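Heads up: the structure comes next, in structure tokens.
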Amino acid sequence: MSLDPTPNTPARRSVLLGVAAAPLVAAATTCSAAAKPGHAHNYVVPQPHPGQFRTDPTMPKHELRSMWLSVVANIDWPSKPGLTADQQKSELIAWLDLAQQQRHNVVVLQVRPTADALWPSRYEPWSAWLTGEQGKAPGYDPLGFAVEEAHKRNLELHAWFNPFRAAMTEDPSTLIPSHPARRHPDWVLPYGGKLYYNPGLPEVRRFVVNAIMDAVRRYDIDAVHFDDYFYPYPVEGKIFHDEDQYAKYGRGRSLDDWRRSNIDDLMVTLGRRIKRAKPLCQFGVSPFAVWRNKATDPTGSDTTAGAETYDDLYADTRGWVKKGWIDYICPQIYWSIGFAPADYAKLVPWWSDVVRGTPVHLYIGQATYKVNTNGAVDPHWLNPEELSSHLEFNAKYPQVQGNIYFSAVPVRADELGATTLLNETWYSRPALLPTSPWLKRRPPSRVSDLRRHGDELRWRTGSRDTSHFAIYRIPVEGKHSHAKSRDLADARHLAAVIPADPRHNTWTDRSGSSHNQVYVVSAVDGAGNESAGVAVN
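At position 130 of the sequence shown (counting the first as 1) the number is 130 in the working numbering, and the numbers step up by one without a gap.
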């Protein structure tokens, strides 16, 4: 994996390989000639317009599927600090293989858990969660390795950063002397057992943006991802002592409005810098699911949750969507259908209304960790079908375009067989990622010279902005039957998605069912735009 990819390198929008795919075979040449009817028995199949044909809502063609891979406190990976480089790599590969087996198409990896780094950062020390010693190099580049291995498996790598948490203790002496929080003690505040960078300081916000952008510029990450931590969650009896900064920078605003403006400034500044550096790199946020309760604000959700992101974390998550500052939002709806204080069946429609008419994808954060636990508080989680019922509910709301599961260890544990049931019911086919036309509108050129030799397909790339290829296998009756646009709308026909090779591309159907099939290949770019298909009987 090389750092600082050239501007001509297509930004990856890799998606999960479907049933049976052969390794890519490198061969010479590119070709820009469009496939014409009759050439190598090829003909063009136009892509359907969104919503043109009715399809099974339980099997969407475009859907994000992912899990969070947590590093802080070694929740998921590495399993403990101090493992060798080879052991860490082996564990990470196992997690990526699991994601591929689940037919996921994204992995969300935590790369800056506590003002530290999983890459040789120019701003912050190596994470202690890797080696057990902050600042100690692990002997390889974990982020670079993760990006390379994820893309090999047709997984996007969304790099997960925590903006302001500096330490899991209030004691600055637990940090190495060269840590920015030690060199700038005026930047940090203790609160609730942890140490935080103070968002009220402009120099802190600039530093946080610079630290994140170091990774954006140097690695082929597909998205910058934030979770729910901005200002810290309130702790009873504790005060976040930013009075001096408020007196200096408040400018007549209320304390709450000033704090929200600090987080808004971070979001706007970082979002603009990401797009300047990597136009196809997305910016996503996974907040606590309750923006405000209806009792607080008539536009809020019909919930009675104890925390509200707008008032307690000073994060106007609804406003960010309405203003189009982010590319996706993934509220952590970690409650069951019917849980009265925060009912899943009330929050999904609320968030669907929020994103409607905006250029922002809606994904849902799912609480896999709750399955088979906490039965006294919420017995719904003792039902192995609870998670699957969430996806069934989501299917009623076309604004919901995917799910992310917390976290990797519970996904692998598969309590009550809930994950297996979910995958067998909902993830039986591969899926393309949702399109983001606000990032790039024009699809790549279609492929050319598509040829079939028994079970093997070969074709040439049509344009340099192709990120991957979608391969459709469509059953037909008779030698002269043709594939149609309707067929490309149906996810049952999506056989595989493979990464683009800049030279020549091949795929072999190992399903054993190639007889009486028409094959269609389309090119997909880094924003998910799909070219017309080229078919061969």
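Glycine is no exception: its CB is placed at the ideal position from the N, C-alpha and C atoms.
These figures come from a predicted structure and were not determined experimentally.
Cβ-Cβ distance between residue i and residue j below 7 Å
{"i": "G319", "j": "T358", "result": "no"}
{"i": "N556", "j": "P475", "result": "The question about residue 556 has no answer, for the chain in this structure spans 1 to 537."}
{"i": "F164", "j": "Y197", "result": "yes"}
{"i": "V447", "j": "A523", "result": "yes"}
{"i": "V321", "j": "V371", "result": "no"}
{"i": "H380", "j": "S336", "result": "yes"}
{"i": "W119", "j": "D86", "result": "no"}
{"i": "T317", "j": "W291", "result": "yes"}
{"i": "L421", "j": "S388", "result": "yes"}
{"i": "T55", "j": "D490", "result": "yes"}
{"i": "Q134", "j": "I75", "result": "no"}
{"i": "D465", "j": "D525", "result": "yes"}
{"i": "A532", "j": "V44", "result": "yes"}
Candidates the options: closest to residue i by CA position
{"i": "N162", "options": "E133, W126, A115, P120", "result": "A115"}
{"i": "L391", "options": "N374, T368, E124, V409", "result": "T368"}
{"i": "P287", "options": "F240, R217, I404", "result": "I404"}
{"i": "S121", "options": "Y219, H49, T296", "result": "Y219"}
{"i": "P541", "options": "S352, D414, V409", "result": "Residue coverage of the chain in this structure runs from 1 to 537, which leaves residue 541 outside it and unanswerable."}
{"i": "Q282", "options": "V216, R259, G300, V235", "result": "V216"}
{"i": "P78", "options": "L130, N394, A99, H104", "result": "L130"}
{"i": "A289", "options": "S70, E385, C330", "result": "C330"}
{"i": "G200", "options": "P410, Q245, L450, Q134", "result": "Q245"}
{"i": "V268", "options": "I326, Q87, R112, I93", "result": "I326"}
{"i": "D228", "options": "D214, S254, G300, L313", "result": "L313"}
{"i": "T426", "options": "E385, V534, R260, K152", "result": "Here residue 426 turns out to be Trp, not Thr, going by the sequence shown. The candidate whose alpha carbon is nearest that of W426 is E385."}
{"i": "D414", "options": "A73, L98, P48, S90", "result": "L98"}
{"i": "N374", "options": "L143, F339, E456", "result": "F339"}
{"i": "V360", "options": "N383, Y328, A376, P341", "result": "Y328"}
{"i": "G139", "options": "K89, G271, G462", "result": "K89"}
{"i": "V409", "options": "E91, E456, G271", "result": "E91"}
{"i": "V377", "options": "V411, P341, G402, A395", "result": "P341"}
Exposed unless 16 or more other CB atoms sit within 10 angstroms - verdict on residue i
{"i": "A431", "result": "buried"}
{"i": "P46", "result": "exposed"}
{"i": "G284", "result": "buried"}
{"i": "T304", "result": "exposed"}
{"i": "L347", "result": "buried"}
{"i": "W438", "result": "exposed"}
{"i": "Q110", "result": "buried"}
{"i": "I263", "result": "buried"}
{"i": "K238", "result": "exposed"}
{"i": "A527", "result": "buried"}
{"i": "N293", "result": "buried"}
{"i": "G365", "result": "buried"}
{"i": "N42", "result": "buried"}
{"i": "R183", "result": "exposed"}
{"i": "D625", "result": "In the structure as shown, the chain starts at 1 and stops at 537, and residue 625 therefore has no counterpart that could be examined."}
{"i": "D302", "result": "exposed"}
{"i": "D544", "result": "The requested residue 544 does not occur in the structure, where the chain is confined to residues 1 to 537."}
CA-to-CA distance, residue j to residue i, given in whole angstroms
{"i": "N154", "j": "A146", "result": "12 Å"}
{"i": "R276", "j": "H158", "result": "18 Å"}
{"i": "E243", "j": "A418", "result": "48 Å"}
{"i": "V518", "j": "Q101", "result": "27 Å"}
{"i": "I212", "j": "V521", "result": "37 Å"}
{"i": "D4", "j": "E203", "result": "Any reading at D4 is ruled out, since the residue's pLDDT is 31, under 50, leaving its predicted position unreliable."}
{"i": "W126", "j": "K278", "result": "25 Å"}
{"i": "E424", "j": "I333", "result": "22 Å"}
{"i": "P81", "j": "S407", "result": "19 Å"}
{"i": "H453", "j": "L96", "result": "32 Å"}
{"i": "E148", "j": "E156", "result": "10 Å"}
{"i": "L266", "j": "R260", "result": "10 Å"}
{"i": "F207", "j": "T309", "result": "24 Å"}
{"i": "D343", "j": "D501", "result": "46 Å"}
{"i": "R486", "j": "G51", "result": "11 Å"}
{"i": "N537", "j": "R451", "result": "9 Å"}
{"i": "L280", "j": "D222", "result": "8 Å"}
{"i": "V566", "j": "T174", "result": "The structure shown does not extend to residue 566, since the chain is modelled only from 1 to 537, so the question has no answer here."}
{"i": "N383", "j": "L416", "result": "8 Å"}
{"i": "W160", "j": "N516", "result": "45 Å"}
{"i": "A73", "j": "A128", "result": "9 Å"}
{"i": "R460", "j": "V534", "result": "11 Å"}
{"i": "T296", "j": "A315", "result": "15 Å"}
Residue i beta carbon near the ligand MG (any heavy atom closer than 6 Å)
{"i": "A418", "result": "Although the ligand MG was asked about, the structure shown includes no ligands whatsoever."}
Beta carbon proximity, residue i to chain C, threshold 7 Å
{"i": "V411", "result": "Included in the structure is just one protein chain, with no chain C present."}
Inter-stretch contact at 8 Å, needing at least 3 Cβ pairs: the stretch 193-203 / the stretch 163-172:
yes
May I ask you to verify whether the stretch 505-515 touches the stretch 453-473, counting CB pairs closer than 8 Å and requiring at least 3?
yes
Does the structure place the stretch 433-442 close enough to the stretch 45-63 that three or more beta carbon pairs sit under 8 Å?
yes
Counting beta carbon pairs with one atom in the stretch 88-108 and one in the stretch 65-79, are three or more of them shorter than 8 Å?
yes
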